[in-house]
Every structure is written in structure tokens, then in C-alpha cells.
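Undergrad: One structure follows; several queries about it will come next.
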Amino acid sequence: MLNVAVVGTGNISAAHLAGYLRFPEQCRVVALCDVVPERAHDKKERFGLADADVVTFEELLARDDVDLVSNCTPPSEHAHLTVDLLRSGKNVVVEKPMAPSLAECDAMLAAARESGATLSVIAQNRFRDDLETVKEAVDSGLLGAVAHVRVDSAWFRGLPYYDLAWRGTWESEGGGPTLNHAIHHVDLLLWMLGAPQAVTAAMTNAWHDNAEVEDLSVALLQYERTIAALTASVVHHGEEQAFVVQGSEASVAQPWAVRATRTQPNGHPYPGDDADRVEQLTKLAEAHTPLPFEGHAGQLGDVLAAVATGREPAVDGEAGRRTVEVVTAIYQAAIERRTVDLPIPAGSPWYSGEALLEHAPRYFTKARSVADLGDGVYTYGGSPAPTL
Numbered sequence: 001m002l003n004v005a006v007v008g009t010g011n012i013s014a015a016h017l018a019g020y021l022r023f024p025e026q027c028r029v030v031a032l033c034d035v036v037p038e039r040a041h042d043k044k045e046r047f048g049l050a051d052a053d054v055v056t057f058e059e060l061l062a063r064d065d066v067d068l069v070s071n072c073t074p075p076s077e078h079a080h081l082t083v084d085l086l087r088s089g090k091n092v093v094v095e096k097p098m099a100p101s102l103a104e105c106d107a108m109l110a111a112a113r114e115s116g117a118t119l120s121v122i123a124q125n126r127f128r129d130d131l132e133t134v135k136e137a138v139d140s141g142l143l144g145a146v147a148h149v150r151v152d153s154a155w156f157r158g159l160p161y162y163d164l165a166w167r168g169t170w171e172s173e174g175g176g177p178t179l180n181h182a183i184h185h186v187d188l189l190l191w192m193l194g195a196p197q198a199v200t201a202a203m204t205n206a207w208h209d210n211a212e213v214e215d216l217s218v219a220l221l222q223y224e225r226t227i228a229a230l231t232a233s234v235v236h237h238g239e240e241q242a243f244v245v246q247g248s249e250a251s252v253a254q255p256w257a258v259r260a261t262r263t264q265p266n267g268h269p270y271p272g273d274d275a276d277r278v279e280q281l282t283k284l285a286e287a288h289t290p291l292p293f294e295g296h297a298g299q300l301g302d303v304l305a306a307v308a309t310g311r312e313p314a315v316d317g318e319a320g321r322r323t324v325e326v327v328t329a330i331y332q333a334a335i336e337r338r339t340v341d342l343p344i345p346a347g348s349p350w351y352s353g354e355a356l357l358e359h360a361p362r363y364f365t366k367a368r369s370v371a372d373l374g375d376g377v378y379t380y381g382g383s384p385a386p387t388l
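Residue numbering for the sequence shown follows the numbering used here, beginning at 1 and increasing consecutively.
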């Protein structure tokens, strides 16, 4: 039985607590920590955690009965809190994004290596049956050579969204939807295709007048013979998200759809699809073994098993770093208006985060700031919607 704690008991902590409660034979929540203790007490009551203590971060570090900590704090707090937790001997799963800068990511990785503790970064959309099926189709070779991937990381967030105190500034949030929403889709691209060779991008703030950061970006990720087009947005009505992979022999999309065009002698397409190819891909999808748990619960179950057995988690710290590197390249490309090659060298000011803070456009001045947006109804995208 592993003892679990949660640091940062804002909205996203609910997904972690609900996830851990799916595994009563593997773990129990023993501590909650927040700079606003009332929030921790609220989560304790809401999730029926009668035996959990509400503690300060210093008290949590000093405890020797905590095996795993979920770091659910704002992005600017991820690195230093995670480093302290790892150095105290605790295993850590940190919310996305891993950190705003590559230098911070590397400090976290170094602390994990030195302590021997497990470090995982939330990428819960890998733990979805529909997206795992798309990856299985890519891995099967039935699509042929992948030429193009279209990714619409399309969300809608109204003006009050950026009124939350830590949101909407480069210093505290680290960026807009490119870092904090589309990072889900960047992770999926890297999971399926590997790292791109170069990135070009453009970004703007279309109408969120209480945010310094972008609310829309469009990026092209260039591979040797593949291009991925990524839109990161919080201005899309209906939140119609898409992940479409075009191969030389067929295409698949999520929500699940298959197309396989046949070629006439003159090079033009025959009417209708290649029935045999469509059938093969349909059978592959039907043969998919459903995951026991999806989303946060799926990933947290994997982390619990990794800590219990000593194996690596499915999504480790290196995977989290790779997504941050691509996002950093998107910001650099958009701000400098040029193509950026990967990897980003350690000596670059973009590696340290200094260049982003110095050169990022402040589209609007953040003039409204509240500690809490209230309960309300939280939406996580249309169909298909990554679960945040």
C-alpha cells in the first residue's frame, strides 16, 4: 500500500484525487497541501478523505511515510517543488507542462537521477482507447509512409478564464494554450512520430484582453518527409478537436475514421475507398484491448505500479522534457519569425527561459486578478476532447 500526497489542491487536483481513489488496494491519500489551506480542507471533505492530513509543504517534505506526491501547482512552481520532493526521497508525478523552461526540466531530471526516485509527467491522453488505437494504426504500417498530420488543439475559454491570479502571464503560467493546452497534442505527436527536426510558427492574442500571453498559435513541425500542422487555441467555438494522420496508403482520424483512396492509371482517385485496406484498419481497431482505466486514472495507475515494482513509468520525465522543447521551439519561431532547428542547445537563452521572458510579446496588461473562479462547470473540449 503506497501513501500518496497531493500538493496544490486547485481544480486539476480533483482529477488526481478521483484517480487515486480508483485504486483503494494500491494506495491511500494521507496528506493534502496548499498555500490556501481552506482549499485543501475543501478537497478533503469533498473526496471523503477523513484520514488525510492538511499540511504545509515543509511538513510534507519532513514526512517519511509518503511514497508518492502529485504536484498540481501552477507551472511556475513545478520545478523547485518537484526538485525538493525528489531530494526528500519521494516519487513525484507532476502535472503538465513539466516546467516552463528546459533548464528547469533538466534540474528535475537531475534530482530524479540523484535520488533514484521516480518522476512522471502527466500526459493522460496516451491512456485513451481512441488515441491508443490511432497509434496502433500508425505502428502497424497499414497507413504507409506518414506524410501529414493535422492536429487541432481547439478549446474555448472566455474572458474570465485568465482572471485567475496565476494565469495569463509569461512569468507565472509560462505561456498560453501552446504550453498549457496543446502540450497534450504535442505529446501525442512525439509519441507517434518522434521528435521533429525543425519548427516554424505564428501566434497572436485575438481577444483575451486580460492576458499577456497568446490565445492562438499555428505551428508547422517538420520531419524528414512528414509535416505536422498544429493549431493551439482557446478561441474555438464548439471545441472541435482533431487528430488526422495521412499516410501514403490510408488515413486515420480521431474520432475514428478511415479513408483509403485507390489510384487510377491517370493518377486521379477512383470513386470510393480501397475496401481491403479499410477492412484491415477496421479490424485492427476492433481488436484493440480496452484499457482498464482511461485518462488521469489510467496514468496514475501506471505510476503506482511503476513505484511499487521499480520499473519506469510509461510517461517519464524525459518524455515531459521533449514536449517542453517543442513548445519552446514554437515560441522561439513565432517570436523571432523564423524556422528553429531542434534540439535547442543548452547554451541558448531559450533553453534557460530568459529569452522567452525578455522577448515574448505582452499582448495585453493583466488588470484583473482573482484567487478562485468558483466551482461552475468545467469543460474539457468537444468531441474528441482530451481530459484535463
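Virtual Cβ for every residue (Gly too), placed ideally from N, Cα, C.
Predicted model only: the values in this text are computed from it and were never measured.
(1) Classify Leu-221 as buried or exposed, calling it buried when 16 or more other Cβ atoms lie within 10 Å of its own Cβ.
(2) Leaving out five residues before and five after Ala-154 in sequence, what residues of the same chain have Cβ atoms less than 7 Å from its Cβ?
(3) Just the C-alpha distance for Ser-383 and Trp-256, rounded to the nearest angstrom, thanks.
(4) So, for Glu-25: in the same chain, excluding its five sequence neighbours on each side, which residues have a beta-carbon less than 8 Å away from its beta-carbon?
(5) With DSSP collapsed to three states, give me the class of Arg-277.
(6) Can you pull the DSSP bridge partners for Ile-227?
(7) Along the alpha helix (DSSP H) that carries Asp-302, what are the first and last residues, could you check?
(8) Where does Gln-264 sit, in a helix, a strand or coil, going by DSSP?
(9) Might you give, ordered along the chain, the residues of its own chain that have their beta carbon closer than 8 Å to the beta carbon of Gln-264, omitting 5 neighbours on each side?
(10) Taking DSSP as the reference, what is the three-state secondary structure of Leu-373?
(11) Taking Ser-369 as the reference, which of Ala-211, Leu-300, Glu-336 and Val-324 has the closest Cα?
(12) Just tell me which of Arg-22, Gly-8 and Glu-59 has its CA closest to the CA of Glu-38.
(13) Three or more C-beta pairs under 8 Å: does that hold for the stretch 80–91 against the stretch 63–70?
(14) Quick check on this structure: which residue in Asn-205, Pro-313 and Ala-165 has the alpha carbon closest to the alpha carbon of Leu-373?
(15) Just tell me which of Ala-110, Val-252, Asp-341 and Thr-261 has its CA closest to the CA of Val-199.
(16) Measure the alpha-carbon distance for Thr-387 versus Arg-322 and round it to whole angstroms.
(17) With burial defined as no fewer than 16 other Cβ atoms inside 10 Å of the residue's Cβ, what is the status of Glu-114: buried or exposed?
(18) When burial is assigned at 16 or more other CB atoms within 10 Å of the CB, is Leu-159 buried or exposed?
(19) With a threshold of 16 other CB atoms inside 10 Å of the CB of Lys-283, please say whether the residue is buried or exposed.
(20) Look up Ala-392 in the DSSP assignment and say whether it is helix, strand or coil.
(21) Can you tell me the Cα-Cα spacing of Leu-17 and Ala-308, whole angstroms?
(22) Report yes or no: do the stretch 272–281 and the stretch 108–128 share at least 3 C-beta pairs separated by less than 8 Å?
(23) Would you give the residue range spanned by the beta strand (DSSP E) that Leu-119 belongs to?
(24) Do the CB positions of Ile-183 and Val-29 come within less than 8 Å of each other?
(25) Pop quiz: Val-391 and Leu-68 are said to be a contact at Cβ under 8 Å. What is the actual Cβ separation, rounded to whole angstroms?
(26) According to DSSP, is Cys-27 part of a helix, a strand, or is it coil?
(27) How far does the beta strand (DSSP E) with Thr-178 in it extend, from its first residue to its last?
(28) Is it true that the CB of Val-151 sits closer than 8 Å to the CB of Val-121?
(29) My guess is that Val-149 and Leu-193 are in contact by the Cβ rule of under 8 Å, so how many angstroms apart are they, rounded?
(30) Check for me: the beta strand (DSSP E) holding Ala-52 runs from which residue to which?
(31) Output the boundary residues of the alpha helix (DSSP H) element that contains Ala-257.
(32) Buried or exposed, going by whether 16 or more other CB atoms sit within 10 Å of the CB of Gly-48?
(33) Please classify Asn-180: is it buried, with 16 or more other beta-carbons within 10 angstroms of its beta-carbon, or exposed?
(34) Compute the Euclidean distance between the alpha carbons of Ser-76 and Thr-56, then round it to the nearest angstrom.
(35) Could you tell me which uninterrupted alpha helix (DSSP H) segments, each at least 4 residues in length, are contained entirely in the stretch 157–214, listed from first to last along the chain?
(36) Rounded to the nearest angstrom, what separates Pro-349 and Ala-360 at their Cα positions?
TA: Inspection of the coordinates gives the following:
(1) For the purposes of this step, residue 221 is identified with residue 221 of the sequence shown, where counting begins at 1. Buried, because 16 or more other Cβ atoms sit within 10 Å of the Cβ of Leu-221.
(2) For the purposes of this step, residue 154 is identified with residue 154 of the sequence shown, where counting begins at 1. Around Ala-154: Thr-231, Ser-233, His-236, Glu-239, Glu-240 and Gln-241.
(3) For the purposes of this step, residue 383 is identified with residue 383 of the sequence shown, where counting begins at 1. For the purposes of this step, residue 256 is identified with residue 256 of the sequence shown, where counting begins at 1. Confidence in Ser-383 is poor, its pLDDT being 39 and thus under 50, which makes the residue's placement too unreliable to answer from.
(4) For the purposes of this step, residue 25 is identified with residue 25 of the sequence shown, where counting begins at 1. Answer for Glu-25: Met-1, listed in chain order.
(5) Position 277 of the sequence shown, counting from 1, holds the residue named residue 277. DSSP places Arg-277 in helix when its eight states are reduced to three.
(6) Sequence index remark: in the sequence shown, residue 227 carries index 227 (1-based). Answer is His-148 and Gln-222, bridged to Ile-227.
(7) Translated into positions along the sequence shown, residue 302 becomes position 302. Segment 295–309, the alpha helix (DSSP H) holding Asp-302.
(8) Locating residue 264 in the sequence shown gives position 264, where the first residue counts as 1. Looking at Gln-264 - three-state DSSP - the assignment turns out to be coil, as it is neither helix nor strand.
(9) Locating residue 264 in the sequence shown gives position 264, where the first residue counts as 1. Excluding positions up to five away in sequence, the list reads Tyr-270.
(10) By 1-based counting over the sequence shown, the position of residue 373 is 373. Of the three classes helix, strand and coil, the one that applies to Leu-373 here is coil, per DSSP.
(11) Stepping through the sequence shown from its first residue, residue 369 is reached at position 369. It is Ala-211 whose Cα lies nearest to the Cα of Ser-369.
(12) If you number the sequence shown from 1, residue 38 lands on position 38. Nearest option by C-alpha distance: Gly-8.
(13) yes
(14) Against the sequence shown, residue 373 aligns to sequence position 373. Answer by Cα proximity: Ala-165.
(15) Working through the sequence shown from its first residue, we reach residue 199 at position 199. Cα-wise, what sits closest to Val-199 is Asp-341.
(16) Counted from its first residue, the sequence shown places residue 387 at position 387. Counted from its first residue, the sequence shown places residue 322 at position 322. Summary for Thr-387: the model assigns pLDDT 37, below 50, so the residue's position carries little reliability, and this model does not support an answer.
(17) The count along the sequence shown starts at 1 and reaches residue 114 at position 114. Glu-114 comes out exposed.
(18) Along the sequence shown, one-based indexing puts residue 159 at 159. Leu-159 comes out exposed.
(19) On the sequence shown, position 283 is the one that residue 283 refers to. When all chains shown are included, Lys-283 counts as exposed.
(20) This structure leaves residue 392 out entirely; the chain is present only between 1 and 388.
(21) As a first step, residue 17 is located in the sequence shown; it is residue number 17 there, counting from the start. As a first step, residue 308 is located in the sequence shown; it is residue number 308 there, counting from the start. In a straight line, the C-alpha of Leu-17 is about 19 Å away from that of Ala-308.
(22) no
(23) Here residue 119 refers to the residue found at position 119 when the sequence shown is read from its first residue. 119–121 is the span of the beta strand (DSSP E), which, as asked, contains Leu-119.
(24) The count along the sequence shown starts at 1 and reaches residue 183 at position 183. The count along the sequence shown starts at 1 and reaches residue 29 at position 29. Their beta carbons are not under 8 Å apart, which means Ile-183 does not touch Val-29 by this criterion.
(25) Any property of residue 391 remains undetermined from this structure, which presents the chain solely from 1 to 388.
(26) Position 27 of the sequence shown, counting from 1, holds the residue named residue 27. In this structure, Cys-27 counts as strand in the three-state DSSP scheme.
(27) In the sequence shown, the residue the question calls residue 178 occupies position 178. No beta strand (DSSP E) holds Thr-178; the alpha helix (DSSP H) holding it covers 177–180.
(28) The residue you call residue 121 lines up with position 121 of the sequence shown. The residue you call residue 151 lines up with position 151 of the sequence shown. Not a contact, by the Cβ cut-off of 8 Å.
(29) Residue 149 sits at position 149 when you count from the first residue of the sequence shown. Residue 193 sits at position 193 when you count from the first residue of the sequence shown. About 7 Å separates the two Cβ atoms, so the contact holds.
(30) As a working note, residue 52 is residue 52 in the sequence shown. Ala-52 -> no beta strand (DSSP E), and no H or E assigned at all.
(31) Position 257 of the sequence shown, counting from 1, holds the residue named residue 257. First-last for Ala-257: 257–259, but that is the beta strand (DSSP E), not the alpha helix (DSSP H).
(32) Position 48 of the sequence shown, counted from the first residue, corresponds to residue 48. The residue is exposed, with fewer than 16 neighbouring Cβ atoms inside 10 Å.
(33) Residue 180 sits at position 180 when you count from the first residue of the sequence shown. Buried, by the Cβ-count rule.
(34) Here residue 76 is taken as the residue at index 76 of the sequence shown, counted from 1. Here residue 56 is taken as the residue at index 56 of the sequence shown, counted from 1. Taking the straight line from one Cα to the other gives about 19 Å.
(35) 177–180 and 183–193
(36) Within the sequence shown, residue 349 is the residue found at index 349, counting from 1. Within the sequence shown, residue 360 is the residue found at index 360, counting from 1. Spanning the two alpha carbons is a distance of roughly 13 Å.
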